Amino acid sequence: MRKRTFFALAIAAAVGATAVSAIYVNKVEHQSLRSKALAGLIQASGTKKRFSSEQSMEASLRDVEDSRDYRLPRKDYKSKVELERYEGIPVYTFNARPDRGQKTVLYLHGGAWVYQPTSFHWAFIDKLAQATDAKVIVPIYPKAPNHTYAETFDLLHELYRSVLEHVEDPARVTIMGDSAGGNISLLLGQRLVDWNLPQPGRFIVFSPTLDLSFTNPAIADYARRDPMLAVPGARYAASLWAGGEPLDSPLLSPLYGDFASMAPVTMFVGTYEGGYPDSAKWDAALTGQSIEHRFYAYPKMIHVFPLYPIPEAEQAFAQIVEAMHG
């Protein structure tokens with residue numbers, strides 16, 4: 007399969023569904039004022055300080071809310087929102103209709119394997135449901151320090167079976183996630199092969215953590231530009247979620263797993279985030295193996311930028327909707 011590479015910053019350009027890899031970078035590298043302001047606000051918020059050491063991350067976990075106790079923030083959502091409990095875990099569903107043909111998204115939110123979803127997650131999910139008329143299912147999956155990855159995948163195994171029971175065709179399903187949730191989304195795709203369960207139609211991920219060991223030497227340069235995350239705290243949180251499993255195990259780090267048997271992946275990353283080098287490594291590996299995928303690298307964008315109210319996120323959102331129709 008022939009690779010088609012474009013350098014443009016995520017402008018709304020149509021691409022063939024058979025593209026192995028597509029990198030969009032604007033001919034004129036223009037960063038919006040809103041995205042610059044957002045990066046500055048995040049830098050000033052002290053979020054990165056929380057990730058600066060194991061000690062600061064550990065201190066931040068003292069008040070972490072257990073998944074079973076989570077409550078959706080009150081807001082005027084445009085979508086109808088329903089709450090069910092699945093093995094004691096809250097599962098929120100946006101925009102469900104009694105129609106087995108309705109597109110379905112299983113959304114796995116980010117939060118460094120320890121934190122619950124933010125208001126930005128819920129705004130994005132509501133918008134996605136309205137724009138695509140999809141049912142969006144959001145499990146508040148088990149997290150560290152109270153739970154490990156094994157418990158998370160036990161839940162997702164059964165939840166995905168339930169999703170399949172309510173759709174007429176697995177191709178109507180999209181598994182989507184950001185950051186740690188993107189990591190889990192890709193790991194889930196690899197687990198489906200082992201579980202002998204059908205693949206969804208596609209995976210769409212934003213800034214997924216691909217290697218929990220964070221040993222790529224190129225990360226250091228990009229981490230300095232990242233206004234949000236730092237390696238020591240992220241690695242510590244990952245180690246809690248790993249429950250003693252080596253961090254570079256394919257059970258935790260999808261970079262070392264098999265993508266050849268998975269449904270196609272569409273990935274969005276920014277070049278101002280520490281994880282960018284691993285994302286570029288992933289793109290190169292899949293391209294070298296002629297594995298179908300799409301890779302959107304946005305210059306100067308930060309971690310999980312598609313979730314934020316900035317122009318670049320609007321451009322990415324159009325591409326996300328397009329990918330769901332693919």
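Sequential numbering of the sequence shown, starting at 7, is according to the numbering used here. The C-beta atom is built at its ideal place from N, Cα and C for all residues, glycine as well. None of the values given here were measured: they were computed from a predicted structure.
Can you tell me which of the three DSSP states G117 falls into?
-> It is coil, neither helix nor strand.
Can you give me the start and stop residues for the beta strand (DSSP E) that P96 sits inside?
-> Residue range I95 to F100 is occupied by the beta strand (DSSP E) that includes P96.
Whose C-alpha, out of R68, P312 and N101, is nearest the C-alpha of K84?
-> Closest by alpha carbon: N101.
Touching by the beta-carbon criterion (3+ pairs, under 8 Å), the region 123-138 and the region 313-330 = As far as the Cβ criterion goes, the region 123-138 touches the region 313-330, which means the pair count is three or higher.
Sort out for me which residues DSSP pairs V271 with in a bridge.
-> V271 pairs with F209 and H299.
Closest to N222 by CA distance: which of A286, W119, M268 and Q205 is it?
-> Cα-wise, what sits closest to N222 is A286.
Contact check, T158 vs Y147 under 8 Å by CB: the rounded distance?
-> Between Y147 and T158 the Cβ distance is about 5 Å, and since that is below 8 Å, they are a contact.
Relative to the alpha-carbon of E279, which residue among Q122, A229, A43 and W201 has its alpha-carbon at the smallest distance?
-> Residue nearest to E279 within the set Q122, A229, A43 and W201 is A229 (criterion: CA-CA distance).
Compare the beta carbon distance of Q37 and E71 with 8 Å and say whether it is the shorter of the two.
-> Between Q37 and E71, the CB-CB gap reaches or exceeds 8 Å.
Proximity to W247 [Cα-Cα], best of W119, G107, F301 and Y92 = Per the Cα distances, W119.
Proximity below 8 Å, CB of Y314 to CB of E64 = Taking 8 Å as the cut-off, the beta carbon of Y314 is found no closer than this to the beta carbon of E64.
Name the DSSP beta bridge partners of D160, please?
-> Paired residue(s): none; D160 is not in a bridge.
Whose C-alpha, out of G116, Y166, N189 and I48, is nearest the C-alpha of Y262?
-> For Y262, the closest of G116, Y166, N189 and I48 by C-alpha to C-alpha distance is N189.
If you run the structure through DSSP and keep just helix, strand and coil, what is K109?
-> Taken through DSSP and simplified to helix, strand or coil, K109 comes out as coil.
Would you mind stating whether F220 and F274 have Cβ atoms separated by less than 8 Å?
-> Going by C-beta atoms, F220 is not nearer than 8 Å to F274.
Taking the Cβ atom as the reference point for each residue, do M307 and S41 lie within a distance shorter than 8 Å?
-> With contacts defined as CB atoms closer than 8 Å, M307 and S41 qualify as a contacting pair.
Reducing DSSP to helix, strand and coil, say where G183 ends up.
-> Correct three-state label for G183: strand.
Spatial distance of P204 from F311 (CA atoms) = C-alpha of P204 to C-alpha of F311: approximately 30 Å in a straight line.
With distances taken between CB atoms, is the gap from K109 to A140 smaller than 8 Å?
-> In this structure, K109 sits near A140, with a CB-CB distance shorter than 8 Å.
What first and last residue would you give for the alpha helix (DSSP H) that runs through V237?
-> Judged by DSSP secondary structure, V237 falls within the alpha helix (DSSP H) whose first and last residues are V237 to A248.
Local conformation of P283 per DSSP, three classes = It is helical.
What is the rounded straight-line gap between the Cα of R208 and the Cα of M330?
-> About 8 Å.
Could you give the C-beta distance for H172 and W201, rounded to a whole number, given that I count them as a contact under 8 Å?
-> Wrong, their Cβ atoms sit about 18 Å apart, outside the cutoff.
Exposed or buried, K149, counting other C-beta atoms within 10 Å across all chains shown (16 or more means buried)?
-> Under this definition K149 is a buried residue.
Would you kindly check if the distance between the Cβ of L112 and the Cβ of I143 is under 8 Å?
-> A contact, by the Cβ cut-off of 8 Å.
Please name the residue in P214, S255 and G239 whose C-alpha comes closest to that of P283.
-> Distance from the Cα of P283 is smallest, within the candidate group P214, S255 and G239, for P214.
Between F126, G332 and I316, which lies nearest to L39 when the distance is taken from Cα to Cα?
-> Measuring from the Cα of L39, the nearest candidate turns out to be I316.
Nearest candidate by alpha-carbon position, reference D69, set N152, L89 and R167 = The shortest CA-to-CA distance from D69 to any of N152, L89 and R167 is the one to N152.
In the structure shown, what three-state DSSP assignment does G52 receive?
-> Coil at G52, not helix or strand.
Alpha carbon to alpha carbon, how far is D105 from S255?
-> S255 has its alpha-carbon roughly 39 Å from the corresponding atom of D105.
Determine, using beta carbons only, whether P238 and E88 come nearer to each other than 8 Å.
-> No, these two residues do not count as a Cβ contact at 8 Å.
Does the beta-carbon distance from E174 to G249 come in below 8 Å?
-> No, these two residues do not count as a Cβ contact at 8 Å.
Strand pairing of P79, partner residues [DSSP] = By DSSP's assignment, P79 forms no beta bridge with any residue.
Pairwise C-alpha distance: A266 and A291 | One C-alpha to the other measures close to 11 Å.
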